[in-house]
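Protein sequences appear in the order of chains A and B. Mapping of the first sequence onto the UniProt record's numbering: residues 1 to 679, in sequence order. Mapping of the second sequence onto the UniProt record's numbering: residues 1 to 565, in sequence order. From the three backbone atoms N, C-alpha and C, an ideal C-beta is built for every residue, glycine too. On a predicted model such as this, the values are computed, not experimentally measured, just so you know. Here the structure is laid out as C-alpha cells; the discussion comes afterwards.
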Amino acid sequence: MSRPQESAPSSTASMVRSALADSLVKLDPRQLARNPVMFTTAVIAAVSTITGVTTDAGAIGLNLQIALWLWITVLFANFAEAIAEGRGRARADALRAVQGETRAHRLASLDDPTSHDVPSRGLRCGDLVRVDRGELIPGDGEVVQGIASVDESAITGESAPVIRESGSDRSAVTGGTRVVSDSIIVRITADPGDSFVDRMIALVEGAQRQKTPNEIALTVLLIGLSLIFLLVVATLPAWAAYADIRLSVPLLAALLVTLIPTTIGGLLSAIGIAGMDRLVAHNVIARSGRAVEAAGDVDMLLIDKTGTITFGNRRATELLPLSGVSQQQLADAARLASLTDPTPEGKSIVELTTQRKTSSSSLEQGREPVAQSIDFSASTRISGVDLHDGRRIRKGAVSAVLHDCDQTASEELTRLTEKVSRAGGTPLAVALNHRILGIVALTDVVKPNIKARFDELRRMGIRTVMITGDNPLTAAAIAAEAGVDDYLAEASPENKLELIRKAQAEGHLVAMCGDGSNDAPALAQADVGVAMNSGTPAAREAANLVDLDSDPTKLIDIVMVGKQMLISRGALTTFSIANDVAKYFAIVPALFVGTYPALQALNIMQLESPGSAILSAVIFNALIIVALIPLALRGVAYTPAGASQLLARNLSIYGLGGLIAPFIGIKLIDLTINALGLI
Amino acid sequence: MRPDLTQLCVYVAGLMLLCPLLGIYLSRVLDPKAGPTPRLERWLYRCCGIDEQREQHWSEYLQSLLTLNVGGVLLLMSMLMLQGWLPLNPANTPGMSWHLALNTAVSFVTNTNWQSYAGESSVSALCQMLGLTLQNFLSPATGIAVLLAMIRGFTRVNTDRIGNYWVDMTRSVIWVLLPISCFTALLLVWQGVPQTFDARIVATTLEGSQQTIPLGAIASQEAIKMIGTNGGGYFNANSAHPYENPTPLSNMIEMLSILLLPGALVMMFGRMLDQPRQARALFVAMLIPLLLGVAICTWAEQQGNPFLIAAGADPAGGNMEGKEVRFGISGSSLFAVITTAASCGAVNAMHDSFTALGGLVPMVMIQLGEVIFGGVGSGLYVMLIFAVLTVFIAGLMVGRTPEYLGKKIEAREIKLVVFAALLPMPLGTLIVGATAIAFEAGRVGILNPGPHGLSELLYAYTSATGNNGSAFAGLSANTPFHNVLLTIAITIGRYLPIAAVLAIAGSLANKKRLPVSAGTFPTDRGLFVALLIGVILIVGALTYFPVLALGPVAEQLSATAGRQF
C-alpha cells in the first residue's frame with residue numbers, strides 16, 4: 001500500500017535545521033513549564049550561570065563550562081521534542097493539504113435543489129452540501145442522498161475508488177476525498193477544526209498535545225524523584241560543612257542535574273509524539289492519546305468474522321451426492337443451476353464444477369439450454385433454472401429446497417447436512433425435478449495468515465473472540481480453523497453489547513472493530529473501538545480510533561504502537577535511574593576527596609581530577625539525550641512475548657546497560673576533555 | 001573467630017517455621033470470614049459505643065487513628081510530666097521536662113521508642129506499666145490496623161470502605177499482641193528475666209561496695225518490646241542488660257520475637273489475598289537483604305579494629321568493643337541487623353562501637369525505609385508501596401498500564417507512593433538531620449570528631465524517622481533542641497506514610513480487579529523479587545550515598561588507609 005504521507009516534503013536536513021531553531025524557541029519558560037524535569041534543569045542552569053561568574057573566581061572556567069553544558073542539556077531535550085514534532089508536523093501538513101480550502105454548495109434543505117456556494121471552512125455540523133462529480137468533499141459527513149464512487153487515495157493511499165451510498169453501512173465520507181462519479185448530498189458531521197484530520201493534527205503537534213494517563217503517572221514519579229534529589233543536594237552543604245568542606249553552587253548544580261532523571265524527562269514528550277506519528281503512518285486516526293495507550297492494555301479483542309477472519313464470500317468446495325446419484329450428475333445439475341447465477345456463491349459453483357467437468361458431459365452441447373432462470377431471493381432462499389427440455393433444477397438452503405420439493409429430509413441428507421455444518425460450511429441442496437441429488441458444500445475460506453496473527457495476539461496476552469451471524473456449529477468450526485479463542489454465534493447488536501459488558505465486569509479491557517451502525521453501541525461500550533473508515537458516521541463517532549484503510553487486523557498494529565509507547569517510557573526511565581549510580585561514583589569522590597583523601601578509592605573510573613570528573617558527568621548527561629533521540633522516535637522494539645520474557649529482556653538491556661554504559665561513557669569523556677585541555 | 005553459622009541457620013529456620021503458622025492464626029482472628037463476633041469483642045464494642053458493622057471511608061479511618069494517637073500523646077505526656085505527684089513511684093522519680101516528655105510520648109505512640117532518657121532512672125513504675133506499656137500495645141496495633149486497611153484495598157472491589165479502625169485495633173490487641181506477648185514473657189521468665197513489684201535489689205560487689213540494681217515487671221515489658229517491634233527498654237542498656245536478656249537462648253527468643261509478627265503478617269497477607277505465592281515472594285524479598293546485611297555486618301565486625309590490630313591485638317578476636325561476651329560477634333551482629341531491619345530498635349550491643357562498616361549496615365537497614373520486615377504492620381504496608389512502585393516501572397517495560405494484584409496503578413497512586421515511601425525518609429533524615437547539624441545547638445551533643453561524629457547524628461535522625469528507636473549512642477540527645485527536632489522527624493516518619501497508605505488503600509478498593517493474562521507481569525516469581533530488591537536498594541543508595549560518603553564510608557576507607565580523626 002502506498003502512503004502519500006511518507007513522501008512528506010521536508011528533507012531530513014531542513015527538518016533538523018528547523019528543529020534546532022525550535023529548541024531555542026522552546027526555552028520560553030511557559031513552554032518549559034509543561035515539562036517539570038526540564039524546567040527544573042533550566043532553573044538550575046540559570047542559577048549556576050549567575051553564581052558561576054560571581055563566586056569562586058579560581059574555578060570560573062570550570063563553572064562556566066558546567067553552566068554551558070547544563071544549558072545544552074535543556075536545548076537537547078527541546079531538540080528531541082522539536083524533531084519529533086517536526087516529523088509529526090510534516091505528516092500533519094500533508095493531511096492538512098488534503099483538507100485544503102474548497103467551495104461547497106450548501107443546500108437549504110433536502111427538498112430544495114438550489115444551492116449557495118460557501119467556503120468549506122464556513123460549514124457547520126448539520127449543514128447539507130451537494131458534491132458533484134470531480135469535486136472535493138468539503139468536510140467529514142454522511143451521504144444522505146445518492147450514490148457515488150469516491151476516490152479516497154489522498155487519505156488512505158488506496159487508488160481504487162470506493163462506493164459511498166446513502167442508507168447503507170458505507171455512507172460515511174471524509175473531507176478532502178474526491179467524488180469521481182455521480183453526485184451526492186452530504187450532511188456535514190464535524191465543525192471546522194473538529195474533523196478527524198484536525199484531531200490527528202492536534203495529536204502530533206506537541207504544544208496542544210494532551211498527556212496520556214500513563215505519561216501523567218510517570219511525570220508524577222519523575223517529579224517525586226527530582227524532589228528527593230533536590231533534598232539530597234540541598235542538604236549536602238550542611239552535612240559537608242560539618243567536615244569543613246565548602247561546596248560551591250555550580251558543583252551542587254552539576255550534581256543535581258546529573259541526578260534528576262533528565263534523560264527520560266528530556267525524551268518523554270518526544271516518545272509520545274513519535275508514538276502518535278507512528279500511528280498515523282499506519283493510517284489510523286486516534287481521537288485521543290488515551291485511546292492508543294488503552295489499546296496497549298487490551299486483553300480481549302472482538303473481531304467480526306466476515307472480511308477479517310474469512311474472505312467473506314463463501315465458496316463451493318465439495319460435492320456430496322446422495323446414494324444412487326453420481327458425482328457427475330450432481331456436478332452437472334449444480335453447474336446448470338448456477339450458470340446464470342451472478343452471486344459469488346453461484347460463480348464459485350461454476351468454477352468448481354468446471355474443474356471437474358468431464359468430456360463425457362452431454363448436457364450442454366451447443367447453446368445454453370436455459371429457458372428461464374430463477375433468481376435468489378431472501379424470502380424463498382432458492383435459485384435455479386428451468387431448461388428448454390423441461391428439466392427443473394433448484395438449489396438453495398436445505399430446508400428451503402425440501403420445502404420446494406415438498407419432502408422431508410431423509411436420514412442420509414440430514415447426515416450430510418450436519419457433516420458440512422460441523423466442518424464450518426454451509427450446505428446447499430440441489431434438486432432436479434423435485435428430486436434431491438445431493439449437497440454442495442460452501443465453505444467460508446479462512447484467510448491464510450490469520451492464524452499466525454491470532455497466535456501473535458495470544459502471545460501478547462490478548463484473547464480473540466470471533467463474532468458471526470452464523471449458527472453455532474458453523475461458527476465453532478471456523479473458530480477452530482482460524483485459531484480464535486472463543487466465538488459469539490448468531491450475534492445481534494444486543495448480545496454483542498451484552499458480551500462486552502460481561503467481559504468488562506470481569507475486569508477485561510475490550511477492543512472491538514466494527515463498521516455498521518448496529519455496531520455503534522458496542523463500539524462505544526468497548527474500551528477501544530476501532531471504526532472502519534468505510535463505515536457509517538454513527539460507527540465512526542462511537543469509536544475512538546478510525547482506520548483509514550478499513551483493515552480490521554490493523555488493531556494488532558495499534559496494540560503494538562500502544563505497547564511500544566509504554567515500553568519506551570519504562571525502558572528509558574530505568575536507564576535514566578540506573579545511570580545515576582555511575583554519576584555518583586564520578587561526582588561524590590570528586591566533591592569530598594580534598595578533605596577525605598581515602599575517598600579516592602570510590603573513584604573507580606580513575607577520572608583525572610575532581611574538576612574533570614564533574615564536567616565529564618555533566619557532559620555525559622547531556623550527550624546521552626541526543627544519543628537516545630533515535631530510540632525515542634523509533635520506539636523500543638516490541639516483539640510479542642510473555643510479560644516475564646519481555647521484562648527480562650528490557651531489564652537486561654536498559655537496566656544493566658544503564659548501569660554500565662555511563663561508566664564507560666564518562667571515562668571516555670574524561671579522557672577526551674583532558675586530552676583537549678578543557679580542564 | 002569463626003562465624004556462628006549454626007545460630008543463623010537456627011534463626012532463619014525458626015522464622016520460616018513460625019511465620020506461616022502464625023500467619024494462619026492471624027488471618028483467622030484478624031479477618032474473620034463469617035460467624036458471630038466473639039463475646040469478649042462484642043462486650044468491648046458495647047462498652048466503648050462502637051458499631052462494629054460500620055465500615056469507614058479511608059479519611060474517616062485516618063481520623064479515628066489520629067484521634068487515638070493524639071489522645072495517647074497527650075495522656076502519656078501529662079503522665080510523664082506529672083509522675084512525681086502520681087502514685088506507684090517507689091524511686092521518687094521527678095516529672096520530666098516538657099520537651100523530654102513530648103519526645104518520649106510521641107516516640108512511644110509512634111512505635112519508635114526512641115529514648116532520650118535512661119529508663120530505669122527517669123520513669124516511674126506507673127508510667128512504665130500504664131503509660132509506656134499501654135502504647136507498646138497500641139502502637140503496633142495501629143500498624144496492623146493500617147496494614148489491614150491496605151490489604152482490603154487489594155482484596156475489595158468497587159467500594160470506598162476499608163474497614164473499621166476501632167475493630168481492627170481491638171482485634172489486634174486482644175487476639176494477637178496480648179496472648180503472644182504473655183507467652184513470650186513466660187519464656188523469658190524461664191530464662192531468668194525478673195518479673196516483680198520490687199523496686200530494686202541491693203548487691204555487694206566483689207570489691208565489697210554496695211550496688212543498687214533496679215527491678216520491676218521486666219519480662220512483660222520485654223516481651224511486648226520485641227513482639228510489638230517497640231524497642232524501648234526497661235533499662236538504658238536495653239537488651240544488653242542481663243536482666244533484660246540474660247542468656248544466649250533468651251537472645252534467640254528475643255531475636256525471633258522481633259521478626260515474628262512482621263514475618264507472620266506477610267504470610268497472613270497471602271492468605272487473606274488467597275494467593276500465598278504473592279506473599280512468599282515478598283517474604284523472600286525481605287529475607288535476602290536481611291541475610292546480606294547480616295553477612296556484611298558480621299564480616300566487618302570479625303575484621304576487628306585496624307588500629308588495635310596495628311597496636312598488637314589478636315585479629316582473630318574481632319571487634320568486641322561494646323559487645324556482651326555472652327552473645328559474641330555473631331549474636332550481636334545478627335541482633336543489630338534484625339533490630340534495625342525491623343523497626344524495633346532494641347539493642348544488645350552498642351552500635352556506636354561497631355566498626356565503621358559494621359555500623360553502616362544497621363543504619364542502611366533503617367534508611368532503606370524499614371521494609372526489610374520492618375515494624376509490625378508498617379513494614380509490610382511500606383513494602384507493598386515499594387511493590388507498587390516496582391510494578392509501575394516493570395509494567396511500563398512490558399507495555400501495559402501497570403497493575404499489582406489486579407489493581408491498576410495510575411497517577412493518583414504514584415503520587416501517593418511518592419508521599420508514602422519515597423519522601424518521608426529523606427525529609428526526616430536529610431532535612432531535619434541537616435538542620436540539626438547546621439546549628440551549634442545540634443553539634444554540641446556529638447561525642448566524636450570527624451566522620452564518626454557525623455554518623456552519630458545521622459544515625460539518630462535516621463532512627464527517629466524510620467521509627468526504629470535504636471540509638472547509635474554517642475549523641476547526647478536530651479536537649480530541647482534535639483528532643484524537638486527528633487519529635488518532628490518521628491512524626492514525619494510515622495504519619496506521612498500512614499496517611500498516604502490509607503489514601504492508596506481507599507483508591508485501590510475503589511477499582512475493579514483485572515484478571516491475569518499472558519500479558520500480566522507475574523509478581524510471584526524470582527524476577528519480581530530481584531527487581532523489588534533492586535528498586536529498594538537503588539532508591540536507598542541514591543538517597544543516602546553522598547551523606548554516607550561523609551560519614552561511615554569516609555571513616556571506613558580512612559581507617560583502612562590508617563587515618564584517625
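- In this model, Val484/B and Met560/A are separated by some 56 Å (Cα to Cα).
- Fully contained in the region 353 to 393 of chain B are the following alpha helix (DSSP H) runs of length 4 or more, in chain order: 356 to 367.
- Taking 8 Å as the cut-off, the Cβ atoms of Thr339/B and Gly331/B do not count as close.
- Ser612/A has its alpha-carbon roughly 15 Å from the corresponding atom of Leu70/A.
- The three-state reading of DSSP puts Arg435/A in strand, counting E and B together.
- DSSP places Leu442/A within a strand segment (E or B) once states are collapsed to three.
- Taking a beta-carbon distance threshold of 8 Å, Thr464/A does not count as an interface residue toward chain B.
- Assignment of Gly445/B by DSSP, reduced to helix, strand and coil, places it in the coil class.
- In the three-state reduction of the DSSP assignment, Gln504/A falls in the helix class.
- The residue among Met252/B, Asn89/B and Thr479/B with its C-alpha nearest the C-alpha of Gln7/B is Met252/B.
- In terms of beta-carbon proximity, His508/A lines the interface with chain B, with at least one pair separated by less than 8 Å.
- Among the CB atoms of chain B, one or more fall inside 8 Å of the CB of Ala643/A.
- Going by beta carbons, Val284/A and Leu336/A fall outside the 8 Å limit.
- Within the UniProt domain "P-type ATPase A" (110 to 205) of chain A, the complete beta strand (DSSP E) segments at least 3 residues long are 115 to 119, 128 to 131, 141 to 145, 147 to 151, 162 to 165, 178 to 181 and 184 to 188, listed from N- to C-terminus.
- Of all C-beta pairs linking the region 558 to 577 of chain A to the region 275 to 294 of chain A, three or more are shorter than 8 Å, placing the two stretches in contact.
- Pro344/A is outside the set of residues whose beta carbon lies under 8 Å from a beta carbon in chain B.
- Taking the CA atoms as reference points, Ala46/A sits about 23 Å from Val588/A.
- Rounded to whole angstroms, Met129/B and Ala217/B show a C-alpha spacing of 8 Å.
- Against chain A, the CB of Gly519/B has a partner CB under 8 Å away; the residue lies at that interface.
- At a cut-off of 8 Å between C-beta atoms, Val529/B does not count as an interface residue with respect to chain A.
- Ile414, Lys415, Val417, Val418, Leu422, Leu423, Pro426, Leu427, Leu430, Ile431, Gly433, Ala434, Thr435, Ile437, Ala438 and Arg443: these are the residues of the region 414 to 448 of chain B whose beta carbon lies less than 8 Å from some beta carbon of chain A, given in chain order.
- Rounded to the nearest angstrom, the gap between the Cα atoms of Ala524/A and Gly635/A is 29 Å.
- DSSP, read as helix, strand or coil, puts Leu247/A in coil.
- Secondary structure of Ala19/A (DSSP, three-state): helix.
- Against chain B, the beta carbon of Thr235/A has neighbours under 7 Å at Leu430, Ile431 and Ala434, listed in chain order.
- The continuous beta strand (DSSP E) containing Asp547/A extends over residues Leu545 to Asp547.
- Within 10 angstroms of the beta-carbon of Ala190/A lie 16 or more other beta-carbons, which makes it buried.
- Non-local C-beta neighbours of Ile498/B in its own chain, meaning closer than 6 Å and more than five positions away in sequence, comprise Val146, ordered along the chain.
- Listed along chain B is no residue with a C-beta nearer than 7 Å to that of Asn471/A; the closest approach is about 30 Å.
- Contact check between the region 597 to 606 of chain A and the region 241 to 257 of chain A: fewer than three CB pairs, one atom from each, fall below 8 Å, which does not count as touching.
- If you draw a straight line from the Cα of Val266/B to the Cα of Gln211/B, it comes to about 46 Å.
- With 16 or more other CB atoms across the displayed protein chains lying within 10 angstroms of its CB, Asn214/A is buried.
- A Cβ-Cβ separation of about 6 Å places Ala421/B in contact with Gly369/B under the 8 Å criterion.
- Chain-ordered listing is empty here: chain B has no CB closer than 9 Å to the CB of Arg278/A, the nearest sitting near 14 Å.
- Residue-level contact check: Thr573/A touches chain B, since one or more beta carbons of chain B fall below 8 Å from its beta carbon.
- Against chain B, the CB of Ile44/A has no partner CB under 8 Å away; the residue lies outside that interface.
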